[in-house]
Amino acid sequence: MTDHPLPFRDPNLSFERRVDDLLRRLTPDERIAMLHQFAPAVERLGLAAFRTGQEALHGVAWMGGATVFPQAVGLGATWNDELVRRIGEAVGDEVRAKRALDDRVGLNVWSPTVNLLRHPLWGRNEEGYAEDPALTSAIAVAYTRGLRGDDPRYWRTAPVLKHWLAHNNETDRDTASSSVRPRVLHEYDLRAFRSAVRAGAVAGVMPAYNLVNGRPNHVSPLLERELRSWTDQPLVVCSDAGAPSNLVDSEHYFDTYEEATAAALKAGVDSFTDHGTDSSVMTGRVRDALAKGLLDPEDVDTAVRRLLSMRFALGEFDPALDPYAGPAPFDTEEHRALALEAAEQAVVLLKNDGLLPLAPEPGRKIAVVGLLADACKLDWYSGTLLHRSTPLDGLRARFGADQVVFAEGADRVLLTCEGGALRVPEAPAAPDAATATAADGALDPALLTGRTDLPPLDVAPVGTEFALVDWGEGVLTLRTAQGRYLSVADDGHVRASADEPGGWVVQETFRLESVEGHDGGYRLLHIGTGGYVCVAADGAKVAEEGEKLARDRATVFGVDTVERGEDAVARAAAVAHTVVVVAGNDPHINGRETEDRTTLALPPHQDRLWRAAHAANPRTVLALTSAYPYAVPEADEALPALLWTAHGGQAAGTALARILAGDVSPGGRLPQTWYGSDADLPDLLDYDVIGSRQTYQYFPGQALYPFGHGLSYGAFVHSGLTVARDGDTVRAALTVTATGDTTADEVAQLYVRRTGPGAERLPLRKLVAHRRVRLAPGEERRLDFAVPFEELGHWDVAHGRWTVEPGTYEFLAGASSADVRLTATLTVDGEPAGPRPVRERGLEAADYDEQHGTALVDRAKTDGDAVAAAGPEGGRLLFERCAFGTGTRTVTATVSGEGTLALTAGGATAVLTVADAGGPYAYTTVTGEFAAEGERDLAVQLTGSVRLARLAFDGGPAGAGR
């Protein structure tokens, strides 16, 4: 018996029974309403409104002040699972603390991002942890466990992993299709998600905007077939913002919104993030889909059940029992210390010829110069800083303000024109609070608009001097001496009004365009609006009455340089004993969500600065502070010391100063390969990490700095590597001894590779374990690793399964993927898998060994893969070691489209002509004579619009595919 009149309120019952009871009490309309991100209250049952989605990538975001930790890629650079778990706990606590004060703060956190950092030009590189699935998984497990909490029943917060699946491009991100063959899918992309889900600390996932093999991720069969097979927990799938509408609007995958909504719900999407806070559009589509028979009520119930399960786990219905419902720590001394510790551990020492650490001595000045020397940059998913430390702040505090000289290195310019020069008029004494805009507490900063309370720029005989920075590719910012950036508000006027560049559409960037017939004359294009700056009677503006101003309206400006940035840097460098050049990116410019980078090169402006500093003073350190890698081979060649850190959050400057001073030895390691040039990179949209030899696992060239690289002020010896199989586990151990004279961190890294025949297409090495340890001088520690035996394996496309082939496996231990100190071998006995049984099983087209000029496409809108030529020149597939036995007579191809298939295996050939049967999804079979025997490699040439799904031989199964 229960004392509770409503069983769903009874904490003595299981969550499952309580969910079932509550679901039965909800009306059909109440159930449908819960499918939107902003689910309304059900007052008759005492249910509060509920919101999915609270950004918390490296601190609570978009809800005002919070502890800001290093960017996610910086957390990856720590290689420290235990540290990241503590950060997750702190972020989860601050989510709870802010929720107690503001019920707009959600407990379903959309974090972390586990997309692998396959390509360093991806605009959202800052959001991921690493290019490697094992390291990404380890950090994600740690962070989600911290966010989730340790209570066996109730969750501190409910983390959602982003972004399912194979998503590494902002270019055409909602229409581009990632071609992901089975080996890449199972060995690479799925692995980043699987470990975190299996660890039990993940509440769900968010599908990505892109398509995979021609099918949008929001209708992916992998959500059910893979994701939900990894756990018995009722995972919630939350759509990305606007993605349900994209299925019709940009992707044109479905003809109607009702079809699209129904398909997403049936595929496994539970919560629709679309049309902002207005739930009526999406709930209306669900109702219409039900009315048209595209959905069953059970489809709605399944999604609502998952959403309610998450709400019960978050303690919504048991506030007295929820251990996380009370006051939670927020901006505590412990959180501040943790932010500093994280920022210190994220610093990677790339090169050091003995210049570091710096030795403070009287009269030995340090010059800190560069565009980021006095900056503490935030990104799109940062919270608002409560504390702030720039490199300049940190070095002044550590060495004394009188020992530090500073030069930013911006060009100081006047923008002249007819009538004088561009001027910032004197502002009113105080801004109008009603019209000034602040980001604090904004649910969605994309909705924020610029200030209109300040006067627009005008022209005067004496103009304003601006600090001009070229962030690369001609993208400029202009800032006043008072620190205000030129920006554009909704009324189209240009004002000196912004504290920093930012916003979903950045309003603080410009580009100078040469004007024909005007020697030294330029138009000033405002990039955010596409309008040109025109100085009119009512001030400078780029638009009027909502229309951007065309180039023929542009004012022609001259750029009078008052001082070049490199001159100021050289002057500061010349009077210092040592120079620290702080270079890098602004996370809102040239590489961010919606915008990929086009080059690895350091922007020319910043390249000039380090060269000027070095020319004036050879004792120059380059400290790169960025959300992504750079190709800096000339700096590496010329300079005695280089460091890298991601944007380190609130304590970044203090951390960098402590590293430079030797108070802390650097121990960060690179979470992705730093290539030497753009020529080392594949195409941004090439997701075949195996075929195009991407990441440290396959890249055959010489990296500038390899995956896992990072130096120390200490020294270490690795010894005594042992490996032995123990059932489903490989037990590995090694000893690390500190041989230097300073306490420092070492990151022991363990890789594995298969050797001998059959290893040609397998990874050159892959990470299977790591451990960060702090050792005092002379201390040694024995490190034990338990490596799952399956980590030695790969996806066998010939037999459609994961396999560990018999043979010799080499374990490599060291300080990076390239710095191998120890090796040990393990022999795996057994029978090899053998050739492809093509007569018995046929061939799935996607299960090729090699391809050239093809793309994987959707066989049907619900499931299945096929292969098509990627261009008019056709494409080629190779299937190795096909067992044709005593001989075949015919081959039957399951195909759609129009064109030809040419097959070759030894001396056997066949050419099949395919006639269009009614579009890309109208499949038919075409049969031809094909007399192959024995074990042969099979080559298939595709031309035209043919989509090949399957091949069968001599009457083998031709229909069912995967």
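Per this note's numbering, residue 173 is the first one in the sequence shown, and the count goes up by one each step.
Here a beta-carbon is modelled for each residue, glycine too, at the ideal position from N, C-alpha and C.
None of these values were measured; they are calculated from a predicted model.
*Three-state class that DSSP yields for PRO534 in the structure shown*: Here the question's residue 534 lines up with position 362 in the sequence shown. Correct three-state label for PRO534: coil.
*What residue range is occupied by the uninterrupted beta strand (DSSP E) comprising ALA785?*
Sequence index remark: in the sequence shown, residue 785 carries index 613 (1-based). In the DSSP annotation of this structure, ALA785 is not part of any beta strand (DSSP E); the continuous alpha helix (DSSP H) holding it starts and ends at 776–788.
*Return the CA-CA distance between HIS777 and GLY542, expressed in angstroms with no decimal places.*
Indexing the sequence shown from 1 puts residue 777 at position 605. Indexing the sequence shown from 1 puts residue 542 at position 370. Cα atoms of HIS777 and GLY542: separation of roughly 10 angstroms, rounded to the nearest angstrom.
_Taking only three categories from DSSP, how would you classify ALA611?_
Within the sequence shown, numbered from 1, the residue matching residue 611 stands at position 439. Reliability fails at ALA611, whose pLDDT of 43 lies under 50, so the model's placement of it is uncertain and no value is given.
*Would you call the stretch 227–247 and the stretch 487–496 touching, i.e. three or more CB-CB distances under 8 angstroms?*
no
*Rounded straight-line distance, which links the Cα of GLY264 to that of ALA531*: Translated into positions along the sequence shown, residue 531 becomes position 359. Translated into positions along the sequence shown, residue 264 becomes position 92. Rounded to whole angstroms, ALA531 to GLY264 spans 40 angstroms at the Cα level.
*Residues bridged to LYS713 by DSSP?*
Here residue 713 refers to the residue found at position 541 of the sequence shown. Note: LYS713 sits in a beta bridge opposite HIS665 and CYS706.
*So is THR911 buried or exposed if we call it buried at 16+ other beta carbons inside 10 Å?*
Taking the first residue of the sequence shown as 1, we reach residue 911 at position 739. Under this definition THR911 is an exposed residue.
*On the three-state DSSP scale, how would you describe GLY237?*
The residue labelled residue 237 in the question sits at position 65 within the sequence shown. Of the three classes helix, strand and coil, the one that applies to GLY237 here is strand, per DSSP.
*Taking all protein chains shown into account, do 16 or more other C-beta atoms lie within 10 angstroms of the C-beta of HIS690, making it buried, or fewer, making it exposed?*
Locating residue 690 in the sequence shown gives position 518, where the first residue counts as 1. It counts as exposed.
*Top-ranked residue by Cα proximity to ALA1005, from ALA1032, ALA1041 and ARG1053*: By 1-based counting over the sequence shown, the position of residue 1005 is 833. The option with the nearest alpha carbon to ALA1005 is ARG1053.
*Given a cut-off of 8 angstroms, decide if PRO838 and PRO815 are closer than it, judged by their beta-carbon atoms.*
Position 643 of the sequence shown, counted from the start, is the residue given in the question as residue 815. Position 666 of the sequence shown, counted from the start, is the residue given in the question as residue 838. Note that residue 815 corresponds to Leu in the displayed sequence, not to Pro. Yes.
*Hey, TYR868 and ASN297 are a contact pair by Cβ (cut 8 angstroms); roughly how many whole angstroms apart?*
Reading the sequence shown from its first residue, position 696 is the one you call residue 868. Reading the sequence shown from its first residue, position 125 is the one you call residue 297. With 8 angstroms as the limit, TYR868 and ASN297 do not qualify as a contact, their Cβ atoms being about 16 angstroms apart.
*Count the other CB atoms within 10 Å of the CB of ASP604; is the residue buried (16 or more) or exposed (fewer)?*
Here residue 604 corresponds to residue number 432 of the sequence shown, with the count starting at 1. Legend: pLDDT at ASP604 = 48, less than 50; position of this residue unreliable, no value from coordinates given.
*What did DSSP end up calling HIS291 once you bin it into helix, strand or coil?*
Translated into positions along the sequence shown, residue 291 becomes position 119. HIS291: coil per DSSP, three-state reduction.
*Host beta strand (DSSP E) of GLU227 (start-end)*: Residue numbering aside, residue 227 sits at position 55 when the sequence shown is read from its first letter. From DSSP, the beta strand (DSSP E) with GLU227 extends over 222–227.
*Does the distance from the CB of LEU333 to the CB of VAL281 come in under 8 angstroms?*
Numbered from its first residue, the sequence shown carries residue 333 at position 161. Numbered from its first residue, the sequence shown carries residue 281 at position 109. Against a cut-off of 8 angstroms, the Cβ pair of VAL281 and LEU333 comes out as no contact.
_alpha helix (DSSP H) segments (min. 4 residues) lying fully within the stretch 268–341_ = 305–320
*Roughly how many angstroms lie between the CA atoms of GLY526 and GLY886, to the nearest whole one?*
Numbered from its first residue, the sequence shown carries residue 526 at position 354. Numbered from its first residue, the sequence shown carries residue 886 at position 714. Using only the alpha carbons, I get a separation of about 12 angstroms.
*List the residues that DSSP assigns as beta-bridge partners of HIS358.*
For the purposes of this step, residue 358 is identified with residue 186 of the sequence shown, where counting begins at 1. Paired residues: none, contrary to the question.
*asked:* Using 8 angstroms as the cut-off, can you tell me whether the stretch 270–286 makes contact with the stretch 534–551, which would need three or more C-beta pairs spanning the two stretches below that distance?
replied: no
_Three CB pairs or more closer than 8 angstroms across the stretch 965–977 and the stretch 864–884_ = No, the stretch 965–977 is not in contact with the stretch 864–884.
_Distance between beta carbons of ALA434 and LEU466, contact taken as under 8 angstroms_ = By one-based count along the sequence shown, residue 466 stands at place 294. By one-based count along the sequence shown, residue 434 stands at place 262. Indeed, because the Cβ distance is near 4 angstroms, the residues count as touching under 8 angstroms.
_Here's the rule: buried if 16 or more other CB atoms are within 10 angstroms of the residue's CB, otherwise exposed. What is THR1060?_
Your numbering for residue 1060 matches position 888 in the sequence shown. So THR1060 ends up on the buried side.
*Would you list, in sequence order, the uninterrupted alpha helix (DSSP H) runs of no fewer than 4 residues that lie entirely inside the stretch 1007–1046?*
1010–1013
_Cβ contact check for the stretch 315–331 and the stretch 786–802: 3 or more pairs under 8 angstroms_ = no
*Less than 8 angstroms between the CB atoms is what I'm expecting for ARG667 and LEU697, so what's the real figure, rounded?*
In the sequence shown, the residue the question calls residue 667 occupies position 495. In the sequence shown, the residue the question calls residue 697 occupies position 525. That belief does not hold up - the Cβ atoms of ARG667 and LEU697 are roughly 17 angstroms apart, past 8 angstroms.
*asked:* Is the separation between the beta-carbon of ARG695 and that of ALA726 shorter than 8 angstroms?
replied: Counting from one through the sequence shown, the residue named residue 695 turns up at place 523. Counting from one through the sequence shown, the residue named residue 726 turns up at place 554. The answer is yes: Cβ separation under 8 angstroms.
_Checking 8 angstroms against the spacing of the C-beta atoms, do VAL728 and GLY693 come in under that value?_
As a working mapping, residue 728 is identified with position 556 in the sequence shown. As a working mapping, residue 693 is identified with position 521 in the sequence shown. With respect to the 8 angstroms criterion, VAL728 and GLY693 are classified as neighbours on the basis of their beta carbons.
*Can we say the stretch 589–602 touches the stretch 629–639, given the rule of at least three CB pairs closer than 8 angstroms?*
yes
*Select from VAL687, THR556 and GLN226 the residue whose C-alpha is nearest the C-alpha of CYS410.*
Position 238 of the sequence shown, counting from 1, holds the residue named residue 410. Closest option to CYS410, judged by alpha-carbon separation, among VAL687, THR556 and GLN226: GLN226.
_Nearest neighbour of GLU580, chosen from ARG317, ALA787, THR239 and VAL741 [CA to CA]_ = Along the sequence shown, one-based indexing puts residue 580 at 408. Checking every option, the nearest Cα to that of GLU580 belongs to VAL741.
_Run through the DSSP bridge pairs and tell me what MET378 is partnered with._
Here residue 378 is taken as the residue at index 206 of the sequence shown, counted from 1. DSSP output for MET378 lists LYS334 as bridge partner(s).
_Using only the alpha-carbon positions, how far apart do LEU293 and PRO179 sit?_
Taking the sequence shown and counting its residues from 1, one reaches residue 293 at position 121. Taking the sequence shown and counting its residues from 1, one reaches residue 179 at position 7. Going by the C-alpha atoms only, they are around 53 angstroms apart.
*With C-beta atoms as the reference, is TYR859 less than 8 angstroms away from VAL356?*
Translated into positions along the sequence shown, residue 859 becomes position 687. Translated into positions along the sequence shown, residue 356 becomes position 184. Yes. Within cutoff.
_contact_flag[the stretch 395–413, the stretch 435–446] where n(CB pairs < 8 angstroms) is 3 or more_ = yes
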